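Below is one structure, written out as structure tokens, with a few remarks after it.
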Amino acid sequence: ALRKAKINAVGVVGLVENMPGSNAQRPGDIVKSYSGKTIEVLNTDAEGRLVLADALSFTEKKYKPKFIIDLATLTGAIIVSLGEEYAGLFSNNDELSKKIFKASENVNEKVWRLPLHKNYDKLIDSKIADVQNINYVGGAGSITAAQFLQRFILNKTPWAHLDIAGMAFSKKAANLNPGGATGFGVSLLNNLVKEYYE
Numbered sequence: 002a003l004r005k006a007k008i009n010a011v012g013v014v015g016l017v018e019n020m021p022g023s024n025a026q027r028p029g030d031i032v033k034s035y036s037g038k039t040i041e042v043l044n045t046d047a048e049g050r051l052v053l054a055d056a057l058s059f060t061e062k063k064y065k066p067k068f069i070i071d072l073a074t075l076t077g078a079i080i081v082s083l084g085e086e087y088a089g090l091f092s093n094n095d096e097l098s099k100k101i102f103k104a105s106e107n108v109n110e111k112v113w114r115l116p117l118h119k120n121y122d123k124l125i126d127s128k129i130a131d132v133q134n135i136n137y138v139g140g141a142g143s144i145t146a147a148q149f150l151q152r153f154i155l156n157k158t159p160w161a162h163l164d165i166a167g168m169a170f171s172k173k174a175a176n177l178n179p180g181g182a183t184g185f186g187v188s189l190l191n192n193l194v195k196e197y198y199e
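Here the sequence shown is numbered in my numbering, starting from 2 and rising by one per residue.
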């Protein structure tokens with residue numbers, strides 16, 4: 002915004018209150034998403050992806066964007082996979098993925114692409130809903146979380162998900178950060194717009 006980039010961009014933030022109480026979700030609940038798809042809640046601590054799924058469907062339906070990029074501290078599993086050096090990149094579109102990768106290198110906000118593939122669907126298929134919110138079997142936690150989100154991109158809009166859980170907060174000083182909240186993704190997205198969309 003400060004550069005006054007000549008593009009149309011929409012920012013959507015999913016905000017909800019996460020409070021224990023008599024109306025809180027319970028394991029086994031079935032919830033209906035904004036898209037109309039039903040979700041079997043197997044883990045109530047995997048609630049962020051429910052909110053993000055609704056934000057993705059809402060954005061796609063209301064704004065009909067050329068592409069969508071979401072950033073979320075979605076899984077601890079991405080920290081196991083990539084540590085604090087790379088954010089996980091998942092995308093349904095190779096061209097968008099390549100642009101994000103290149104833009105990330107130029108500003109030292111590194112990403113690493115991980116797979117989205119139909120073979121992972123069986124890990125989040127539900128017998129009583131359209132999808133379950135976690136991979137109950139175990140393993141591939143970041144991938145199955147992204148695979149879950151992909152189910153809420155209903156019109157095949159080019160989409161990329163950046164799992165920034167390992168990058169959002171630094172316990173020690175690093176290249177561009179004195180420690181604490183990093184603001185990871187701001188420079189990357191700014192550079193992406195500058196390089197490819199202005």
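The beta carbon of each residue, even a glycine, is placed where N, CA and C say it ideally should be. Bear in mind the structure is a predicted one, so any value in this text is a computation, not a measurement.
### Query
Could you check where the alpha helix (DSSP H) with Thr-145 kicks off and where it finishes?
On the sequence shown, residue 145 is found 144 positions in, with the first residue counted as 1. That run of the alpha helix (DSSP H) goes 142 to 151.
### Message
Check whether the stretch 53 to 61 and the stretch 112 to 121 touch, using three or more Cβ-Cβ pairs below 8 Å as the test.
### Response
Per the Cβ contact rule, the stretch 53 to 61 is not in contact with the stretch 112 to 121 (fewer than 3 Cβ pairs under 8 Å).
### Task
Select from Gly-22, Lys-67, Asn-9, Ala-161 the residue whose C-alpha is nearest the C-alpha of Thr-45.
Counting from one through the sequence shown, the residue named residue 45 turns up at place 44. Nearest option by C-alpha distance: Gly-22.
### Query
DSSP puts Ile-8 in a beta bridge; with which residues?
As a first step, residue 8 must be located in the sequence shown, where it is residue number 7. According to the DSSP secondary-structure assignment, Ile-8 is paired through a beta bridge with no residue.
### Query
Given a threshold of 16 other Cβ atoms within 10 Å of its Cβ, counted over all protein chains shown, does Ala-25 qualify as buried or as exposed?
Here the question's residue 25 lines up with position 24 in the sequence shown. With fewer than 16 other Cβ atoms within 10 Å, it is exposed.
### Task
Evaluate contact between the stretch 82 to 97 and the stretch 145 to 162, counting only Cβ atoms and requiring at least three cross-stretch pairs below 8 Å.
Pairwise C-beta distances place the stretch 82 to 97 in contact with the stretch 145 to 162, as three or more of them are shorter than 8 Å.
### Task
Give me the Cα-Cα distance between Lys-100 and Tyr-197, rounded to the nearest whole angstrom.
As a first step, residue 100 must be located in the sequence shown, where it is residue number 99. As a first step, residue 197 must be located in the sequence shown, where it is residue number 196. Roughly 8 Å separates the two Cα atoms.
### Query
With 16 other CB atoms within 10 Å as the buried threshold, where does Met-168 fall?
Against the sequence shown, residue 168 aligns to sequence position 167. Classification for Met-168: buried.
#### Entry: Pick from Ala-104, Ala-146, Leu-150, Lys-33 that is closest to Phe-185, judged by C-alpha positions
Position 184 of the sequence shown holds residue 185. Looking at the Cα atoms, Ala-104 is the closest of the given residues.
### CA-to-CA distance, Gly-84 to Asp-157, given in whole angstroms
Here the question's residue 157 lines up with position 156 in the sequence shown. Here the question's residue 84 lines up with position 83 in the sequence shown. Residue identity differs from the one stated: residue 157 is Lys in this sequence, not Asp. If you draw a straight line from the Cα of Lys-157 to the Cα of Gly-84, it comes to about 30 Å.
### Query
For Ala-146 versus Ile-40, is the C-beta distance shorter than 8 Å?
Within the sequence shown, the letter at position 145 stands for residue 146. Within the sequence shown, the letter at position 39 stands for residue 40. In this structure, Ile-40 does not lie closer than 8 Å to Ala-146 by Cβ.
### Task
May I have the straight-line CA-CA distance separating Gly-140 from Ala-174, to the nearest angstrom?
If you number the sequence shown from 1, residue 140 lands on position 139. If you number the sequence shown from 1, residue 174 lands on position 173. If I take the Cα positions, the gap works out to 31 Å.
### Message
My output table needs one value for Val-187: the three-state DSSP class, helix, strand or coil.
### Response
Residue mapping note: residue 187 aligns to position 186 of the sequence shown, counting from 1. Val-187 falls in the helix class under three-state DSSP.
### Query
Where do the N-terminal and C-terminal ends of the alpha helix (DSSP H) with Ala-73 fall, by residue?
By 1-based counting over the sequence shown, the position of residue 73 is 72. Counting along the chain, Ala-73 falls outside any alpha helix (DSSP H), though it belongs to the beta strand (DSSP E) covering 69 to 73.
### Query
Among Val-132, Ser-143, Ile-69, which one has its Cα closest to the Cα of Val-11?
As a working mapping, residue 11 is identified with position 10 in the sequence shown. Minimum Cα distance to Val-11 is reached at Ile-69.
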